[in-house]
Amino acid sequence: MSNNKRHWQIVFFVLACFVTYAIYDAFTVADIVAPTHPLFVSILILIADLLILLGAYSYAFNKFIIRSKVFWVFAITFFFIVNCTALIYELVSNHVGYEVYDMITMAAFYLCFSFILVIPTIKHIKDLNKVT
Numbered sequence: 119m120s121n122n123k124r125h126w127q128i129v130f131f132v133l134a135c136f137v138t139y140a141i142y143d144a145f146t147v148a149d150i151v152a153p154t155h156p157l158f159v160s161i162l163i164l165i166a167d168l169l170i171l172l173g174a175y176s177y178a179f180n181k182f183i184i185r186s187k188v189f190w191v192f193a194i195t196f197f198f199i200v201n202c203t204a205l206i207y208e209l210v211s212n213h214v215g216y217e218v219y220d221m222i223t224m225a226a227f228y229l230c231f232s233f234i235l236v237i238p239t240i241k242h243i244k245d246l247n248k249v250t
């Protein structure tokens with residue numbers, strides 16, 4: 119196994135920890151800092167996170183569970199649409215009283231972090247080009 123894949127396996131486990139923590143946090147967060155988006159958006163975020171985690175797993179461990187490029191492009195698009203929807207809910211509601219520049223900084227950080235999360239899935243799509 120190449121040393122590069124070992125790094126991606128570590129990245130997968132870090133991503134798995136993030137997703138696990140997000141699920142835990144969703145059930146234990148205090149009401150004052152709870153997200154303002156509806157429950158169905160939270161469920162869609164969970165599904166999108168799990169799809170991205172599956173893509174990271176597939177790339178890190180050379181598994182081709184789902185071989186459809188269209189599916190993975192849909193998963194990435196779905197991930198960004200759902201996360202941007204949740205972000206828009208947070209920006210519009212502004213229930214905690216943050217300043218506008220705080221919200222813009224948070225949004226920029228959030229979107230950059232989201233892009234980092236999909237890198238293994240993008241690499242998995244490139245691997246699918248080699249296999250099929």
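Here the sequence shown stands for residues 119 to 250, numbered as in this note's numbering. Think of the CB as a built atom: it goes at the ideal place given N, C-alpha and C, for glycine as much as any other residue. Fair warning: this is a prediction, and the values are worked out from it, not measured in the lab.
Neighbourhood of residue i by C-beta distance below 6 angstroms, restricted to the same chain and skipping five residues each side
i, result
"LEU169", "ALA193"
"ASN184", "First, the amino acid is wrong: residue 184 is Ile here, not Asn. Nothing meets the Cβ criterion."
"LYS187", "ILE243, LEU246"
Assumed close pair residue i, residue j - CB separation to whole angstroms, cut-off 8 angstroms
i, j, result
"ALA178", "PHE130", "4 angstroms"
"ALA225", "LEU205", "6 angstroms"
Simplified DSSP state of residue i, which is helix, strand or coil
i, result
"ASN180", "coil"
"SER186", "coil"
"HIS155", "coil"
"GLU217", "coil"
Other residues of its chain near residue i: CB distance less than 7 angstroms, five sequence neighbours each side excluded
i, result
"TRP126", "TYR177, ALA178, PRO238"
"LEU171", "LEU133, ALA134, VAL137"
Local Cβ density within 10 Å of residue i, reported as buried at 16 or more and exposed below that
i, result
"ILE141", "exposed"
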